[in-house]
Amino acid sequence: MQHSGHAGLADVVLARSSRAPWLCVLLVLLAVAMSLGAQVELTPQEKRGKQIFLTGTSPSGKPIVARLGEESVEVPASTLPCAGCHGYDGRGRAEGGVVPSAITWEALTKPYQVALPGGRRRPPYDEVSLRAAIALGLDPAGNALNPAMPRYGFSREDMADLIAYLKRLSADLDPGLSDHTIRIGTVLPDAGPLGELGAEVRGILQAYFDELNAAGGLYERKLELRTLPLLPGPGAEQAVRDFLTREQVFALIAPFTAGMDRAIMAVLEERQVPTIGALTLYPQVKIPVARYSFYLMAGLPDQARALLDYAATHLAGAGLEVVLIAPEGEALETIGAALEQQCQKRNCRMLHRLGYRAGALSPRQVLARFPNTEGQLCFFFGTGPETAALLAEADRIGWLPYLFFSGSLLGKELWEAPARFHDRIFLSYPMAPQEQTQAALQQFRELVQRHQLTSKHLAFQLSALAAAKIFVEAVRRAGRELSREKLVDTLESFYKYETGLLPPVSFGPNQRIGAGDVYVVRADLEKRQLIVASRWSAPY
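In structure tokens:
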């Protein structure tokens, strides 16, 4: 329903009911909420039914089968979910000569005889006859449904859940989506050392959306950006929950989740909010994949895998002794797990893990733990200043392992490394400079100039803008009939899509990092050059 219709109702009430102003205000607020896509939360039963409708799988884990044809050939219902033919909105879409019927509760229960293609007529459905249609392929008049319609076998509980959701299907509007707007959210720091970063990322997103809106938007819809100012801390999870409830955003673009990845991404998955390009070094990638989370490039765990693979192949061979030094918490845990997994494939002799409190590294205490350097590979994932301090202490005591860092964490400190480490330092990068196009970078610079922005945090701005471009392209491909589920399915079809700002991205049902390649480079300290040594591709 369009916004203008709601406003008209409110105007009539205001004109005729001056004695009940509270009612008028209530109706106006209701109209505004409906126009922004606000909705009543699904019940637990309806949520279970929605999963069955969309995916053909049961939250209980019990199998659901689809039976096809006269032979009743059984296949997993996940290959033929309801939404696959009838659409996410249940209205049905003609495809391949088959015209699936509308299965919203309103369409199924029209209080009169319904004439269907082929001359068939049927009375209204009720719960009993709908069960027969789903399980046996019969309509309320006892007529066989189209042979293209599978018959489904599942438990009574799953059947009840599915029907409960079908009753809500037509009213299950995605938040943040109206006839005229798509409301987008992001989460960014607004204070402290990260405040400037947050302001610059928000500025580039707003500038891009403003220019897109000025050009007509997307299918007559304008993009609205809503920002949650947030710093890492114990209240992050609840703050995100409150933000989603208050702002009713359709999707999140480039949220800064560093330091709170697990808490925030778990909420976004629970609330089924598509999220593109989270700004983090620790993508929450798992099997099965998190359906609504799409990352752009490899994080530190994959970069560590790439470095270890390179070392095993080109430096020390089998029987490696691996040392990991990283800040306590997520860095030590996730990178340690990645290296341990890769060590099992590469026959590492042992894996030492040493954590330290972020900002409180004592190089002397750390290196005293590892006196034997022959054949050692040291992986260090601290800040630039911490790396410089570690190298200085290693030089002082003559500790000379092969050293592996992430280029994402270092700056000029690399070129201040002692000369003895020439040809012994290797870094990982999630992209190469040649993967950016001059045309895209020029467009970025012009956008910054037109909106008088600053670019002290260039990498974050480029990543955020790339995420916004990917979202816009996905909406264009999905079309006017947009939904969160359709957006996710459309993103999964991306193959080597080029933003010009990052490497080409590809997603899929089991791939949630768009550009998973990692470049391993060797630092030539004498010539102050980085030399590409290998290119590693993630095994997904």
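Number 527 marks the last residue of the sequence shown (my numbering); no jumps.
Here a beta-carbon is modelled for each residue, glycine too, at the ideal position from N, C-alpha and C.
For clarity, every value in this text was computed on a predicted model and none was experimentally measured.
Pairwise C-alpha distance: residue j and residue i
{"i": "Pro68", "j": "Met146", "result": "13 Å"}
{"i": "Val12", "j": "Gln430", "result": "With a pLDDT of 41 at Val12, under the threshold of 50, the modelled position of this residue cannot be trusted; read the value that follows with caution. One C-alpha to the other measures close to 46 Å."}
{"i": "Gly394", "j": "Thr244", "result": "20 Å"}
{"i": "Thr300", "j": "Leu341", "result": "25 Å"}
{"i": "Phe547", "j": "Thr441", "result": "No answer is possible for residue 547: the residues shown for the chain start at -12 and end at 527."}
{"i": "Pro162", "j": "Ile240", "result": "15 Å"}
{"i": "Gln516", "j": "Ala406", "result": "14 Å"}
{"i": "Leu307", "j": "Phe357", "result": "14 Å"}
{"i": "Ala265", "j": "Leu217", "result": "14 Å"}
{"i": "Arg432", "j": "Arg464", "result": "27 Å"}
{"i": "Ser65", "j": "Val435", "result": "46 Å"}
{"i": "Ile412", "j": "Ala510", "result": "6 Å"}
{"i": "Leu212", "j": "Leu474", "result": "18 Å"}
{"i": "Ala94", "j": "Thr42", "result": "22 Å"}
{"i": "Phe408", "j": "Pro63", "result": "57 Å"}
{"i": "Gly369", "j": "Pro314", "result": "7 Å"}
{"i": "Lys483", "j": "Arg118", "result": "44 Å"}
{"i": "Leu478", "j": "Gly77", "result": "21 Å"}
{"i": "Tyr75", "j": "Ala158", "result": "12 Å"}
{"i": "Glu513", "j": "Val519", "result": "16 Å"}
{"i": "Ser5", "j": "Ala454", "result": "Residue confidence for Ser5 is low, a pLDDT of 39 falling below 50, so the modelled location carries little weight and cannot support an answer."}
{"i": "Arg107", "j": "Pro417", "result": "59 Å"}
{"i": "Glu403", "j": "Ala375", "result": "7 Å"}
{"i": "Pro388", "j": "Gln290", "result": "19 Å"}
{"i": "Lys154", "j": "Leu215", "result": "34 Å"}
{"i": "Ala253", "j": "Gly495", "result": "20 Å"}
{"i": "Lys49", "j": "Ile39", "result": "11 Å"}
{"i": "Pro180", "j": "Leu255", "result": "26 Å"}
{"i": "Leu160", "j": "Glu327", "result": "44 Å"}
{"i": "Ala120", "j": "Val60", "result": "18 Å"}
{"i": "Leu302", "j": "Arg228", "result": "48 Å"}
{"i": "Glu58", "j": "Gly71", "result": "22 Å"}
{"i": "Ile51", "j": "Gly323", "result": "38 Å"}
{"i": "Tyr112", "j": "Arg143", "result": "18 Å"}
{"i": "Trp523", "j": "Ala238", "result": "31 Å"}
{"i": "Val15", "j": "His73", "result": "The predicted position of Val15 is uncertain, since its pLDDT is 41 and thus under 50; a value taken from the coordinates is nonetheless stated next. So the two alpha carbons sit approximately 34 Å from each other."}
{"i": "Gln423", "j": "Val492", "result": "12 Å"}
{"i": "Glu460", "j": "Pro270", "result": "22 Å"}
Whether residue i touches residue j by CB criterion (7 Å)
{"i": "Glu187", "j": "Gln448", "result": "yes"}
{"i": "Ile312", "j": "Phe367", "result": "yes"}
{"i": "Ala298", "j": "Leu364", "result": "yes"}
{"i": "Leu452", "j": "Ile150", "result": "no"}
{"i": "Leu210", "j": "Phe230", "result": "no"}
{"i": "Ala381", "j": "Tyr506", "result": "no"}
{"i": "Gly36", "j": "Tyr139", "result": "no"}
{"i": "Thr321", "j": "Pro350", "result": "no"}
{"i": "Arg471", "j": "Pro242", "result": "no"}
{"i": "Ile263", "j": "Ile384", "result": "no"}
{"i": "Gly286", "j": "Leu268", "result": "yes"}
Best match in the options for proximity to residue i [C-alpha to C-alpha]
{"i": "Asp296", "options": "Thr96, Pro526, Lys34", "result": "Pro526"}
{"i": "Leu445", "options": "Cys335, Val309, Gly185, Pro127", "result": "Gly185"}
{"i": "Gln528", "options": "Ala135, Leu156, Arg108, Ala128", "result": "Since the first and last residues shown for the chain are -12 and 527, residue 528 lies out of range."}
{"i": "Phe141", "options": "Pro110, Ala404, Pro46", "result": "Pro46"}
{"i": "Val508", "options": "Tyr269, Leu390, Ala461, Tyr484", "result": "Leu390"}
{"i": "Lys399", "options": "Gln328, Pro372, Asn497", "result": "Pro372"}
{"i": "Glu207", "options": "Gln225, Leu181, Gly179, Ser165", "result": "Ser165"}
{"i": "Thr173", "options": "Ile251, His409, Trp402, Ala135", "result": "Ile251"}
{"i": "Pro176", "options": "Gln193, Ala223, Pro137", "result": "Ala223"}
{"i": "Ile171", "options": "Gln193, Gly179, Arg336, Glu183", "result": "Gln193"}
{"i": "Ala135", "options": "Val86, Val276, Lys332", "result": "Val86"}
{"i": "Arg249", "options": "Thr168, Gly79, Ala277, Glu234", "result": "Ala277"}
{"i": "Met337", "options": "Tyr343, Gln329, Thr267", "result": "Gln329"}
{"i": "Tyr99", "options": "Ala128, Gly79, Ala120", "result": "Ala128"}
{"i": "Glu234", "options": "Arg437, Ile169, Glu257", "result": "Ile169"}
Counterpart residues of residue i in DSSP-defined beta bridges
{"i": "Trp523", "result": "Val505"}
{"i": "Leu311", "result": "Arg340, Phe366"}
{"i": "Ile171", "result": "Leu212, Ala238"}
{"i": "Asp511", "result": "Gln516"}
{"i": "Met146", "result": "DSSP, once it has assigned bridges, lists no residue as partnering Met146."}
{"i": "Gln498", "result": "Gly495"}
{"i": "Val60", "result": "Leu55"}
{"i": "Ser393", "result": "Ser415"}
{"i": "Thr262", "result": "Leu239, Ser280"}
{"i": "Leu205", "result": "Arg208"}
{"i": "Val101", "result": "Arg109"}
Proximity test, residue i beta-carbon vs the ligand HEM heavy atom, cut-off 6 Å
{"i": "Gly222", "result": "The model depicted lacks the ligand HEM and carries no ligand whatsoever."}
is_contact[residue i, chain D] using C-beta, thresh 7 Å
{"i": "Glu433", "result": "Given the protein chain composition of this structure (a single chain), no chain D is represented."}
Within the chosen definition, does the region 494 to 512 reach the region 275 to 284 through at least 3 CB pairs nearer than 8 Å? The region 494 to 512 vs the region 275 to 284: in contact.
I'd like to know if the region 480 to 491 and the region 415 to 430 are in contact, where contact means that at least 3 CB-CB pairs between them fall below 8 Å. A contact exists between the region 480 to 491 and the region 415 to 430.
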